[in-house]
Structure formats: structure tokens, C-alpha cells
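The structure under discussion appears below in the form of C-alpha cells.
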Amino acid sequence: MENKASEGEYRPRVSAIIPNWNRSSDLREALLAIKAQTYPVSEIIVVDNNSSDDSVAILRGDFPEVMTICSPHNIFINSLNIAAKTASGDLILHQDNDGILASDALERLVGVLADDPSIAVAYSRNLYYDSGETYDPMRWFSEEEHLSDGVFNAPSFHGNGSLMRKDVLEEVGYFEPDIHLFERSLSAKVFDKGYRVVYHPASVIRHKISKEVRNPGYRLYVNMTGGWWFLARFYPAGKAWEKAFLYLVYFKLYSLKHRTFRDFFRGIFDTLLGLPQILRRREVVSKAAIKCLECKPYEMSMLKYGAWDTIKKSFSRKA
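According to full-length UniProt numbering, the sequence shown is numbered sequentially starting from 1.
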């Protein structure tokens with residue numbers, strides 16, 4: 001599978017995978033950016049999740065070289081597994097259909113993985129498409145780090161603009177099909193095998209961010225079910241209960257802030273409904289993996305940066 005350049009330099013083959021649901025104009029821009037990379041992409045695989053627009057027609061008409069797989073349903077995480085398992089490359093480049101890679105983004109990520117076999121995933125700095133501001137809701141890195149050429153250990157990653165080793169995906173069993181926070185779940189599994197997840201901010205991708213993600217009710221729901229199922233799947237019981245409580249506090253404050261009460265209660269109900277299926281796959285990760293998952297604050301970052309303004313307003317009203 002490995003590809004060697006003529007002068008003997010190691011050049012791994014890269015397969016790009018994109019899950020798609022509508023947004024054909026954004027998809028076109030994303031594909032053109034992939035084709036313009038300074039490091040060649042061997043194949044591009046798009047799994048279309050039953051789009052109602054002209055996405056498939058554009059793929060087949062304007063991008064015949066792209067492998068298009070059509071699903072009769074919207075199966076987002078499963079579509080990632082389908083694409084990753086189909087891919088023939090040594091490395092898997094994943095991005096959303098509204099992500100626009102800088103021309104040298106892939107070359108930079110390949111360099112990171114080529115230099116260190118212990119790295120399973122390297123991910124790019126995500127910028128808001130219009131403003132150019134860095135997307136870092138957890139505040140894991142300083143502004144100086146964001147603007148550097150460094151490689152930083154991270155407890156999870158942004159899927160949009162991430163590069164993964166295909167053999168490691170095979171080793172850990174690919175993505176969890178029903179846990180919405182797939183990046184966090186994959187991180188737990190690769191940490192448990194002794195690999196690293198790193199952030200390389202010199203690799204840049206601009207992200208338009210879909211309406212679904214901008215929808216606070218949708219964000220609350222996927223974080224509730226995904227967050228609690230993640231804990232049930234991977235964490236030891238004591239830590240899981242402790243963190244589940246912090247999640248509950250955050251989710252409640254978030255629902256108060258955005259008035260997403262229906263999604264809050266739906267998230268609780270569906271979490272409990274799906275819990276037995278998750279528990280059947282329960283496999284607690286090692287202490288070393290937990291340490292990697294907690295190398296940066298996660299739950300407290302959610303509370304501090306995602307809900308602190310709600311707490312402050314509550315105290316100011318009481319005063």
C-alpha cells in the first residue's frame with residue numbers, strides 16, 4: 001500500500017473521505033480545494049447521505065474521478081466507517097462537506113505523521129470561513145500556539161481537517177457507529193493502544209459550519225447522548241458518574257441559555273433508551289488512556305466557556 005517517491009522518499013498514499021448531505025455548492029468548493037493540494041490525494045470518496053439537492057448529479061457530472069457511494073438514509077457516522085473501510089490509502093483525510101483546506105494543509109499533516117509513528121491522528125486549525133477566527137471552543141491552546149508551527153498533544157480532535165492512519169483505524173475497529181462525538185470516542189480507543197492525537201495549527205482549514213451545528217437544540221442533543229454514552233462506553237464507573245454529573249450541569253445551563261428545553265428532555269430520554277446497547281460494548285480504557293483524555297480540561301472547559309455567562313446572569317439576578 002505504501003508509495004515511494006522516485007528518489008526513495010517515503011510518500012504515503014492518502015485517501016480523502018467526505019460525508020455529504022445536501023449543500024452541493026459547498027461540496028464543490030471542498031472538492032476543488034482537495035484537488036489543489038500540494039501533496040497528491042490518491043482517491044476521494046464521498047458518501048452521500050440521501051441528499052435531496054443536486055449533490056449526486058454534480059459528483060457524477062463534474063467529478064467523475066470521485067468515488068461516490070449513495071446511502072438510502074442519513075447515516076453520518078456509519079458513512080465515515082463505510083468510506084474509511086473502502087479507502088485504499090495509508091492515511092485517511094477526513095473533512096466535512098463545508099470545509100476548505102489551505103493548499104498546503106495536507107502536506108503539513110502528512111509530514112507530522114511521517115515523522116512519528118506513534119501519532120494516530122493529526123488535525124488542522126479550524127478557522128471560521130467568513131471571519132478567519134480560530135475555532136477553539138474549549139480554549140485548549142493559546143493564541144501563540146495557534147499561530148505556531150508546533151505539534152501539540154490533544155485529548156481529542158476536530159474531525160474536519162484531520163488525518164488518520166488507516167492501519168490504526170483497522171486496529172481499533174474504526175468509529176463507534178452510534179456515539180455522536182466520534183472524535184472523542186476514537187481518541188479513547190487510540191490512546192488505549194498507546195498512540196497519540198496531536199494538533200498541528202500550521203495546517204489550516206476554513207469551516208463554513210452547517211446550520212445543524214449552529215442549531216443550539218441539535219448541538220445540545222448530540223452532546224448529551226454522545227457525551228453520556230461515551231462515558232458509559234469507556235470510563236470506569238466512579239469517574240463516569242462524576243463526569244456525568246458535570247455534563248448534566250452543563251446541559252441544563254445550556255438549555256436555559258438557549259431555551260432548548262424540549263431537546264434537553266429528549267436527550268435524557270434517548271440517552272437512557274440507548275444505554276443498554278452501549279453497555280453491551282462497554283470496555284473500560286486503561287489509566288494511561290484516561291490520562292491522555294484528560295491532558296486538557298474537557299468538562300470544566302464546557303462549563304467555563306460554554307455556560308459561565310448563564311451562571312453569572314443567575315447570580316446577578318439574585319443580587
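Glycine included, each C-beta is placed from N, C-alpha and C at the ideal position.
Pull up the DSSP beta-bridge partners for residue i, would you.
i	result
Arg165	Leu91
Ala288	Beta-bridge pairing links Ala288 to no other residue.
Pro216	Its beta-bridge partners do not exist; DSSP assigns none.
Pro19	Val47
Thr68	Val46
Arg28	DSSP lists no partner for Arg28.
Arg206	Ile100 and Leu127
Ile119	Arg196
Rounded C-beta distance between residue i and residue j? I'm assuming under 8 Å.
i	j	result
Ala57	Ile34	Incorrect: roughly 19 Å between the Cβ atoms, too far for contact.
Met67	Val121	No, Met67 and Val121 are not in contact; Cβ-Cβ is about 23 Å, not under 8 Å.
Asp167	Ala289	Actually they are not in contact, since the Cβ atoms of Asp167 and Ala289 sit about 19 Å apart, beyond 8 Å.
Asp53	Ser71	Not a contact, Cβ separation roughly 15 Å.
Gly89	Arg13	4 Å
Val230	Ser185	The amino acid at residue 230 is misidentified as Val; the sequence shows Phe. Going by Cβ atoms, the distance from Phe230 to Ser185 rounds to 6 Å, so yes, they are a contact pair.
Leu303	Leu256	So it is not a contact: roughly 13 Å between Cβ atoms.
Val197	Phe234	Actually they are not in contact, since the Cβ atoms of Val197 and Phe234 sit about 14 Å apart, beyond 8 Å.
Ile119	Ala87	Actually they are not in contact, since the Cβ atoms of Ile119 and Ala87 sit about 18 Å apart, beyond 8 Å.
Asp130	Asp26	Actually they are not in contact, since the Cβ atoms of Asp130 and Asp26 sit about 13 Å apart, beyond 8 Å.
DSSP three-state label for residue i, please.
i	result
Val112	helix
Val151	coil
Phe315	Its pLDDT being 48, under 50, Phe315 is placed unreliably by the model, and the measurement read from it follows with that caveat. Here Phe315 sits in helix by DSSP.
Arg125	strand
Gly99	strand
Thr134	strand
Ile82	helix
Glu34	Before going further, note that residue 34 is Ile rather than Glu in the sequence given. Helix.
Glu299	helix
So the candidates are the options; which of them puts its Cα closest to the Cα of residue i?
i	options	result
Ala202	Leu246, Asp149, Asn223 and Leu220	Asp149
Glu299	Ala244, Val110, Asn126 and Ala87	Ala244
Tyr39	Asn49, Leu109, Arg233 and Ile82	Leu109
Asp270	Tyr123, Gly161, Leu220 and Ser124	Leu220
Asp48	Gln37, Trp21 and Ala30	Trp21
Ser124	Gly161, Phe182, Val151 and Gly226	Gly161
Asn50	Phe265, Asn215, Pro19 and Leu181	Pro19
His207	Val46, Ala84, Leu101 and Asn81	Leu101
Leu80	Gly159, Arg139 and Asp104	Gly159
Ile75	His180, Asp115 and Gly226	His180
Cys295	Met138, Ser118, Val46 and Ala114	Met138
Ala188	His200, Phe264, Arg282 and Gly238	Arg282
Asp178	His258, Asn78 and Trp241	Asn78
Ala83	Ile69, Gly173 and Asn153	Ile69
Ile268	Ile278, Phe251, His146 and Leu279	Phe251
Arg60	Gly238, Arg28 and His73	Arg28
> In the region 240 to 290, which residue ranges form an unbroken alpha helix (DSSP H) of at least 4 residues, counting only runs that do not cross its ends?
Replying inline: 261 to 280
> Can you list the beta strand (DSSP E) stretches of 3 or more residues lying completely in the region 167 to 199, in chain order?
Replying inline: none
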